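Protein chains: 2
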Amino acid sequence: MVALRKPQTNSYEERGDNGDSFPFTATDWVIVFNTRINKKDTSSKTQLKGTQAAPSATPNVDHFYDGAKADVRKAWADVVSRLLAVGLKFRVQKWDEIRLAIFVYCPEKVLAREVYRSRVVDWLNDSGISELEPPALPNAESAEVSTPATTPAERLRLVHELLTAPTYEGGAGLTSDADVVGNTDAVGGKYIEAIYAPHDREFADKWVKSWAKRWLLSQQDIDAIRDYAGEKVAYYFAFLRFYLASLIAPALIGVLDYWWHGAFSPYYGVLTIVWSIIVISLWNRQAEWYATRWGTRNFSKIEKIRPEFRPTKIVIDPVTEERTPYYPYYKRWAVKCLITAPITIAITAVLTLVVLGIVSADVYFHKFYDGPGKDLMGFLPTILYGGCIPVFHSKYIKLAASLSDYENHPTDTQHAASFTQKLFTFNSLVAFIALFAESYLFIPLSNAIGSVLQQKGFISSMGFEVTPETLQARLIYLMITGQVLNAATELIVPLLTTKATTVMHGLHKSKAEKAKETEEERYVRRVRSEFERPGYDVDADYSEMVIQFGYIVLFSVAWPLAPLACLVNNFLELRADAFKICKANRRPVPQRADNIGPWLKNLTLFSWLSSLTAPSLSILYYKWVPDEQATNQVQQRLPTLLVALILSEHAYLLLHYLVSEATKALPSRGWERRKRAEFELKKRYLLRAGID
Amino acid sequence: MVALRKPQTNSYEERGDNGDSFPFTATDWVIVFNTRINKKDTSSKTQLKGTQAAPSATPNVDHFYDGAKADVRKAWADVVSRLLAVGLKFRVQKWDEIRLAIFVYCPEKVLAREVYRSRVVDWLNDSGISELEPPALPNAESAEVSTPATTPAERLRLVHELLTAPTYEGGAGLTSDADVVGNTDAVGGKYIEAIYAPHDREFADKWVKSWAKRWLLSQQDIDAIRDYAGEKVAYYFAFLRFYLASLIAPALIGVLDYWWHGAFSPYYGVLTIVWSIIVISLWNRQAEWYATRWGTRNFSKIEKIRPEFRPTKIVIDPVTEERTPYYPYYKRWAVKCLITAPITIAITAVLTLVVLGIVSADVYFHKFYDGPGKDLMGFLPTILYGGCIPVFHSKYIKLAASLSDYENHPTDTQHAASFTQKLFTFNSLVAFIALFAESYLFIPLSNAIGSVLQQKGFISSMGFEVTPETLQARLIYLMITGQVLNAATELIVPLLTTKATTVMHGLHKSKAEKAKETEEERYVRRVRSEFERPGYDVDADYSEMVIQFGYIVLFSVAWPLAPLACLVNNFLELRADAFKICKANRRPVPQRADNIGPWLKNLTLFSWLSSLTAPSLSILYYKWVPDEQATNQVQQRLPTLLVALILSEHAYLLLHYLVSEATKALPSRGWERRKRAEFELKKRYLLRAGID
């Protein structure tokens, strides 16, 4: 987070080298500039000059269009001058009446400087394998040869940093967040509709095909993702691969134990809890190994400041004597404690009540109600649910985004963590409230509710009751529909909408037309069509997996076949996600990561909670006697339950401690590799010092 | 732990430079060689040649005495040859019929090599403040000038490492542990009675005097301890200073709340728990700062292997291609799980039963018994206790030592942690069992026990009962006697015994005799008298403080004036400990440390437990009605208790998490200092690289 460059002062008018052409299939990033001109106004005459054909070099960019308002002109001039100031080259193409596409290319010389700078910072922060010598100095003559970007992802990441880092950190400070323009030195805002990197079609095709053919993914496959899409996405696939393999154990145990003891078996419950502890601990080791392998250890220390960060002032840092953006940490804490926390708690409370109400209605109509239109009324809650939750969800996303913005996190990682945690709270409530309500409310009080309803005259007889089987059925329903819905919203919907908008914009060509295209035209058409795709959101995929993990550890004691179902699902998920990234989404913005971020905490939390749910479900509902009154049975089991809960939670914490100590004692692969490098270093150094 | 030197081959016969004299007041370490010759055999004739006057240079050491057995000769030859092999100088003095004292001095050239080696390893491990350049090479001509030891403690530590490190790590491999000779390459064993450094009288006198005069200790005082006695001891004083200051808050709250609400106030209980969380969290920050200041960060990675370590084999490390001692970690785990753990559990169970029995007898005789000799019988349990526990304790210490040895830890820090944890388990059981028994057994069941005793005819009337006041009285008794006993055993007993043995050995001189002494003679007499002192055991002092912390957080809700009492005690303790180190104990062996080691875990454990004891005591005994039956009162409060326990423990864990997150967010002083150094480094490097 330390600024290593001063902003450069030369404006774009002074520079003559923008006319230099570049092979535009080498485009690094595409910036879509949306003039936000009202479409109705543009219907009569063309507002933008320029060509819809291949993008051309544009030496005179600030007279590129006329008829626009002053603020559009200003925004355009800002963007263009910032691009030139950091030494990037670009070509502009008109896409439609309101959009201009800027194809940005980073000259090798500029990139070499960025790569070198990044290597030095990495070296200083001991990010990967220790090196005695800092990276070799770039030669002024042959900079591009001495420090090449090692992977496409690194190249894209560094250029993206150059585009988005604030000017005081040496970047161009472009942003597509309208709120921060004016508050920070960022420019663009609402006029920048998108910044995305074009896909490498050849690589993507090869990748998807190769995965489809094989059962297992190798380490090389994960590395290939890292090279293509950066460490953050690669971590997701690495986690998914690890988690998929680890599911084999509970899947086997689940099948055997279900066959042997049936649902709610305490043996299965205990084994699942133990499994969850071990899996999380082992994953941590694996994650550390990846961080060493990919050189992202300690990376959070050197992460760039996001352009949306609003420092209260720029202070002269007493430590570094540099101009440093400053935002007092106590303010962030105050916002978190006094604004975010109460709002989140209030909303989750309302959400809980709403879901609880709908679930109650569902239980009522399915289990107690025997009046007219029983079959029809049974659908009412589902319709209510389908109508309410998505609306609620989309409103909540906006709120969460503005709350996270308001917290004003300096880095992308922190901002993303704050935002995704808020969404995840919502998602997991929706996923688990019904199950919690049924487990600890509806089943134990089944008779009581029934007799109250009968007394009040709502129902005439006590035909049905809520039983442990109801819980099992709901779990199965939630898991299966959840997985199907996810597949649909993630994969099929984007594919269809992309297709539709592509056709709408006249980008769809027949085979004959395609054959006639030049390579340039084909490239531009593809890049244009990728703009219609949604951005890839790796956190949505994590959320899905972590909630699945939650189903397994928290409630699968009710249905021990769940791990097997998840094993099958994840085998397909791994491939579907690869397909999604390459074919249905824009290319992900490469980001560094040294673990799976906040998701690790969520996994641990679910694992901890499982030490309460799994034993309680086993104690309450194992060997349930259907003919006996629920209330009686639960009352008999209550004392055992209370004692078991206290014991099992403490046993969990003890086991957790022991396992983490044991895994710490084992030297990890990452540690060994670092040790080897360190030793080489020592030996060389001591040899040089002439000591033995 | 990586060996950086090969053992040197030159034996002492080949070396002629031992004759070089050194000013023996410059002695670094004294090794006391005990021939273990039976005293009876020596009564008639002198077994050892040599002089009892000032130690002389001994060019022909292996003919220094005759009449000794072959194994004594062998041991002597081993010790002397090892000393010569590593390049140390020494002079030998005969102390009595069976003891030879070896005054060891490390020539500046040898020391400079050690200092330099240590600096390079520190630099490579990023132990303190980052430095761009490794330490400057020692110049062959003027080695002592280029890399001096910065503190007396560092000098002593490095020479001690040279004396005790195994030969494959380049040391002399001397040990006073008889069991390991033969199993390892260590020599000496039972023949080495002690290895200790002489005190610096001038410094010690100044230090003790300056502390006695002042109320508060400054940072400089702590640094002075570090310079004199090493980081491990300095950490103890730093902790004590910090803890002393932090006690002001609970002392104030305690006095006010005791005045306002009386004993067992829930307000005081909650505040104590919160205090304990904050104190531990803040101490961690402070400890990190000291580690940066003293350059001991990451030091555990580079700690030397202890000579007592028994590798199963010396393997060629696949990583470093060096000969490395190897002991499979799973063996240590197996020993821990299958031997140490069951034995410790069994012994603590027996101890618990014994203490419980004695406490029961105590309660019986004091509260229920009304037969003949009531006053006399009341002393029986105390006598039993005083007779049993010390015997039990001394046996346990031996067992704990051999168990820890058997676990075969490679470094001193790990070995000490394992050993002290075992002792601490014992000490805290002795400290707390009685209180736990009274809180949760005797008071609630007071009536029941009374009526059973009455029915069985043991007592005639139910005059007394065990009440919350009994608990308070016992807490006060335990804390006060504990502190007085500690002062006695730590300070007065060693002073008296040292005095006695000094007189016995004829070392005590009258003032007139002292005046006649040369400086040399005085020095030798003092060094000789320091041999009679016990070694300083910093862990015993830690144990005392941590148990005191335990009394405060676990039980002081019964007596809110406890923090005030501890504040007063610790004010004196801080000074007494300084006096003890300088005047009553041998000089501590300087050791590095980067925190207070296992004690931090014990503090955290007590803090955690307090979330159960403090609320339960408050709920059970706040506003106790003396006239109502205890069993009834407790039964009424039981449901509240159960719910409160579950809630308070979870509230504790949540608060703990929040506080540790909040303190993490605050940049620490240590971090800032490292950041500054790192930035300087970066700037220099980037300037050199020609980038901005």
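Chains A and B, in that order, are what the protein sequence lines are.
Numbering-wise (our numbering), the first sequence opens with residue 395 and increments by one.
Numbering-wise (our numbering), the second sequence opens with residue 395 and increments by one.
All C-beta atoms, glycine included, are put in the ideal place defined by N, C-alpha and C.
Just so we're clear, the structure is a prediction, and the values are computed from it rather than from any experiment.
Contacts that residue i makes with chain B (C-beta to C-beta distance below 8 Å)
i, result
"A/Leu1060", "Tyr723"
Spatially closest choice to residue i from the options, by CA coordinates
i, options, result
"B/Val498", "B/Val514, B/Arg476, B/Arg511 and B/Ser754", "B/Arg476"
"A/Asp617", "A/Pro719, A/Tyr629 and A/Lys607", "A/Tyr629"
"A/Tyr929", "A/Lys789, A/Met873, A/Pro982 and A/Glu913", "It is worth fixing the name first, because residue 929 of chain A is Gly in this sequence and not Tyr. Of the candidates A/Lys789, A/Met873, A/Pro982 and A/Glu913, the one whose C-alpha sits nearest the C-alpha of A/Gly929 is A/Pro982."
"A/Glu863", "A/Ala894, A/Pro954, A/Ser796 and A/Ser788", "A/Pro954"
"A/Ser640", "A/Val962, A/Leu482, A/Tyr790 and A/Tyr724", "A/Val962"
"B/Asp490", "B/Lys1017, B/Met898 and B/His809", "B/Met898"
"A/Asp721", "A/Tyr779, A/Tyr800, A/Glu697 and A/Lys789", "The residue asked about is misnamed: residue 721 of chain A is Tyr in this sequence, not Asp. The option with the nearest alpha carbon to A/Tyr721 is A/Tyr800."
"B/Leu1048", "B/Ala867, B/Thr776, B/Thr578 and B/Ile672", "B/Ile672"
"A/Ser754", "A/Lys792, A/Thr738 and A/Leu835", "A/Leu835"
Cβ-Cβ distance between residue i and residue j below 8 Å
i, j, result
"B/Ala970", "B/Ala825", "no"
"B/Ile586", "B/Leu568", "yes"
"B/Asp651", "B/Pro546", "no"
"B/Ser833", "B/Phe813", "no"
"A/Arg430", "A/Lys584", "yes"
"B/Glu625", "B/Thr686", "no"
"A/Val749", "A/Ala828", "yes"
"A/Gly663", "A/Ala1008", "yes"
"A/Pro560", "A/Ile710", "no"
"B/Ile837", "B/Thr807", "no"
"A/Gln1027", "A/Val1019", "yes"
"A/Leu387", "A/Asn964", "No statement about residue 387 of chain A is possible, as the shown extent of chain A runs from 395 to 1086 and does not include it."
"A/Ser950", "A/Thr666", "yes"
Chain-ordered chain A contacts of residue i [CB-CB under 9 Å]
i, result
"B/Trp727", "Ala1056 and Ala1059"
Neighbouring residues, chain A, relative to residue i (Cβ below 8 Å)
i, result
"B/Ile1040", "Leu1039 and Ile1040"
"B/Leu1036", "Leu1036"
Cα-Cα separation, residue i to residue j
i, j, result
"B/Trp688", "B/Ala598", "21 Å"
"A/Phe786", "A/Lys1058", "44 Å"
"B/Ala978", "A/Ile708", "57 Å"
"B/Ala451", "B/Glu915", "Note that B/Ala451 has pLDDT 46, beneath the 50 cutoff, so the model's placement of it is unreliable and the number below is only indicative. Near 16 Å, if we compare the C-alpha coordinates of B/Glu915 and B/Ala451."
"A/Leu747", "A/Gly876", "21 Å"
"B/Ala643", "B/Leu966", "18 Å"
"A/Glu924", "A/Val426", "12 Å"
"A/Ala972", "A/Val627", "10 Å"
"A/Asp756", "A/Ile1040", "33 Å"
"B/Val932", "B/Pro984", "11 Å"
"A/Ser1054", "B/Ala740", "25 Å"
"B/Lys468", "B/Leu494", "15 Å"
"B/Tyr637", "B/Tyr763", "42 Å"
"A/Ser1004", "B/Ser1042", "20 Å"
"A/Ala1132", "A/Val424", "In the structure as shown, chain A begins at 395 and stops at 1086. Residue 1132 of chain A is therefore absent and cannot be evaluated."
"A/Gln441", "A/Ile492", "Unreliable placement is indicated for A/Gln441, whose pLDDT of 47 sits below 50; no coordinate value is reported for it."
"B/Asn335", "B/Asn989", "No information on residue 335 of chain B is available, as it lies outside the stretch 395 to 1086 that chain B covers here."
"A/Ser796", "A/Pro660", "44 Å"
Item checked: Any 3 or more C-beta pairs closer than 8 Å across the segment 935 to 950 of chain A and the segment 815 to 823 of chain A -> yes
Item checked: Given 8 Å, three or more beta-carbon pairs between the segment 991 to 1008 of chain B and the segment 939 to 953 of chain B -> yes
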